[in-house]
Amino acid sequence: MSFIVNLAYFAAAILFIIGLKQMASPVTARRGIIWAGWGMVIATVVTFLHPQVIGFVNYLLIIAGIGIGGGLAWYTGKRVPMTDMPQMIALYNGMGGGAAAGIGIVALMGSYSMSWTIQFIAVAGVIIGSVAFSGSLIAFGKLQGLIKKSLRFDMQQKINLGVLGATVLLGIIIAFSGAEVNGTLLFLFVLLALAFGVLMTIPIGGADMPVVISLYNALTGLAVGLKGLVLDNAALMIAGIVVGAAGTLLTQLMAKAMNRPLTNVLFSSFGETPSGDQEEVSGSMKEIEASDAGVMMAFANKVIIVPGYGMAVAQAQHKIWELTQLLQERDVQVKFAIHPVAGRMPGHMNVLLAEAGVPYDVIYDLDEINNEFKTADVAVVIGANDVVNPVARSNPESPIYGMPILNADEAKNVIVIKRGKGAGFSGVENHLFYADNTRMLYGDGQKVAGQLISSIKEMG
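Be aware that the sequence shown starts at -6, since it is given in the working numbering, and climbs by one per residue.
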């Protein structure tokens, strides 16, 4: 029976890997979710055959867990709008980390003896899972608007380092304590690990959430992989390690896209705002009516659309795609330019555009599209701010200096669709909005897109 169980776990792990590989491309992502889903089904079903699980009470607990967790997941998956997807991902990611930490805590409290190596692995899994759990909950609170501001205080990094050091020290003591783990010591250990996750996340702002979500995704995967070693479960080991590796790579890519070293991300210093004088803005914002903007776009040869978080908030992706189709009918070449950290999670804009039905062959990332702005007649910026701010190239004193941006300012004309005149998350005034070739089109993104559609349709 054990052979069959292990073989099934291994098969489930293979399906997880295939699913993750399929998710690497938007074209095959849906198929990847199905592959991974079947892997989860196999891993769950075969658990009922595990020798240490067989028993009515255990079956009842497993079924209850599946019912509660599956029911909540189904409900939220159906009811949560696409604009709230980052919050849901952060929450689910935290649940994964918390589950991994819980398994480690139960293993450490168990009456059976473990080798010091396995006990050390269990301790490491509790630390990583706890940090991912509490940190992801704070990320959820920030994305949901429950936590309005980033919290910074004196000696913050030193306190963080002290909490981390105390957590590791207690973990080492527990790892070498043998079978008799002191309950009070274990409680304090877990509390400190949870506190570090909170302290590491509270100074980070909402616009930095793509990096944070990627990081905690990597930590959750690693924690799950470590729990697989503790439980001698091939499915958990392989799936966790693969997810951890993929999450780590994604974190590095996100950090690079924001021009922040990964070490700064890990130690939370990337939430701090550099001091220094900010470059004064010359000129003024110049407004444009939707009818005039529609004419400008309709008679262009090439239009590049730059979506940002504001498009997600306005849920304007369907109207933007309808606008794109109208322009294409007039033989206007339309492309979408996606910044790696646009939105509040990795791939946020890609998900929204895919939901609206935008084909993948007109969606380009920063490296692919940046040289094309200089040949574009119109660049349409909807809901994006810091990722198109030229100050990132020109002012070394700016908080966003060095961050790779989309070169929207190089287009012949720029139309910026936004609600008001406020600065982006960084607090830095966007010099693009004051440029001679930029016109501001104020209003809700979905409503403005509808006005542009009406304007172009009236031209016949």
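Using N, Cα and C, we set each Cβ at its ideal position, and we do this for glycine too.
Starting from residue i, trace the beta strand (DSSP E) in both directions and tell me its first and last residue.
i, result
"residue 356", "356 to 358"
"residue 144", "From DSSP, residue 144 is part of no beta strand (DSSP E); its letter is neither H nor E."
"residue 459", "Absent from the structure is residue 459, since the part of the chain shown begins at -6 and ends at 453."
"residue 372", "371 to 375"
Rounded C-beta distance between residue i and residue j? I'm assuming under 8 Å.
i, j, result
"residue 301", "residue 380", "7 Å"
"residue 345", "residue 75", "6 Å"
"residue 83", "residue 129", "5 Å"
"residue 303", "residue 219", "That pair is no contact at about 40 Å."
"residue 46", "residue 40", "6 Å"
"residue 182", "residue 164", "6 Å"
"residue 16", "residue 25", "4 Å"
"residue 461", "residue 339", "As shown, the chain starts at -6 and ends at 453. That puts residue 461 outside it, with no answer to give."
"residue 44", "residue -5", "6 Å"
"residue 400", "residue 423", "Between residue 423 and residue 400 the Cβ distance is about 14 Å, and since that is not below 8 Å, they are no contact."
Less than 7 Å between C-beta atoms, sequence neighbours within five positions excluded: which residues of the same chain meet that for residue i?
i, result
"residue 439", "307, 308, 309 and 312"
"residue 138", "none"
"residue 89", "213 and 217"
"residue 323", "291"
"residue -1", "227"
"residue 314", "349, 350 and 351"
"residue 266", "Residue confidence is low: residue 266 scores 47 on pLDDT, short of 50, so the model does not pin down where it sits. Its coordinate-derived value is still stated next. So the list reads 392, once near-sequence residues are dropped."
"residue 442", "309, 312, 313 and 316"
"residue 283", "434, 441, 444, 445 and 448"
Can you tell me which of the three DSSP states residue i falls into?
i, result
"residue 300", "strand"
"residue 250", "helix"
"residue 38", "helix"
"residue 72", "helix"
"residue 52", "helix"
"residue 338", "coil"
"residue 326", "strand"
"residue 411", "strand"
"residue 282", "coil"
"residue 398", "coil"
"residue 295", "strand"
"residue 47", "coil"
"residue 4", "helix"
"residue 26", "helix"
"residue 313", "helix"
"residue 197", "coil"
"residue 11", "helix"
"residue 121", "helix"
"residue 165", "helix"
"residue 393", "coil"
"residue 331", "strand"
Output the distance between the C-alpha atoms of residue i and residue j, rounded to the nearest integer angstrom.
i, j, result
"residue 248", "residue 398", "13 Å"
"residue 246", "residue 190", "22 Å"
"residue 365", "residue 387", "20 Å"
"residue 352", "residue 20", "9 Å"
"residue 208", "residue 429", "40 Å"
"residue 101", "residue 148", "33 Å"
"residue 114", "residue 145", "33 Å"
"residue 342", "residue 368", "23 Å"
"residue 377", "residue 49", "55 Å"
"residue 294", "residue 97", "60 Å"
"residue 288", "residue 240", "44 Å"
"residue 395", "residue 286", "31 Å"
"residue 393", "residue 22", "32 Å"
"residue 18", "residue 173", "48 Å"
"residue 355", "residue 318", "12 Å"
"residue 411", "residue 425", "13 Å"
"residue 404", "residue 205", "32 Å"
"residue 261", "residue 406", "Below a pLDDT of 50, predicted positions are generally treated as unreliable, and residue 261, at 46, falls in that range; the measurement from the model is reported next regardless. Those two C-alpha atoms are separated by around 38 Å."
"residue 65", "residue 71", "10 Å"
"residue 85", "residue 1", "25 Å"
"residue 264", "residue 177", "Any reading at residue 264 is ruled out, since the residue's pLDDT is 42, under 50, leaving its predicted position unreliable."
"residue 297", "residue 332", "13 Å"
"residue 120", "residue 68", "31 Å"
"residue 184", "residue 194", "16 Å"
Given the structure, does residue i come close to the ligand FMN, in the sense that its CB is under 8 Å from one of the ligand's heavy atoms?
i, result
"residue 62", "In the structure on display, the ligand FMN does not appear, and there are no ligands present to speak of."
In chain order, what residues of the same chain have a beta carbon less than 8 Å from the beta carbon of residue i, not counting five sequence neighbours either side?
i, result
"residue 3", "227, 228 and 231"
"residue 224", "96 and 100"
"residue 268", "Because the pLDDT at residue 268 is just 47, under 50, the model does not fix this residue reliably, and the point stays unresolved."
With a CB to CB cut of under 6 Å and the five nearest residues on each side skipped, what residues in its chain are close to residue i?
i, result
"residue 32", "5, 8 and 9"
"residue 279", "432"
"residue 52", "none"
For the alpha helix (DSSP H) containing residue i, list its first residue and its last residue.
i, result
"residue 181", "176 to 194"
"residue 99", "78 to 102"
"residue 451", "438 to 451"
"residue 404", "Looking at the DSSP string, residue 404 is not in any alpha helix (DSSP H), and its letter there is neither H nor E."
"residue 223", "202 to 224"
"residue 20", "Looking at the DSSP string, residue 20 is not in any alpha helix (DSSP H), and its letter there is neither H nor E."
"residue 384", "384 to 387"
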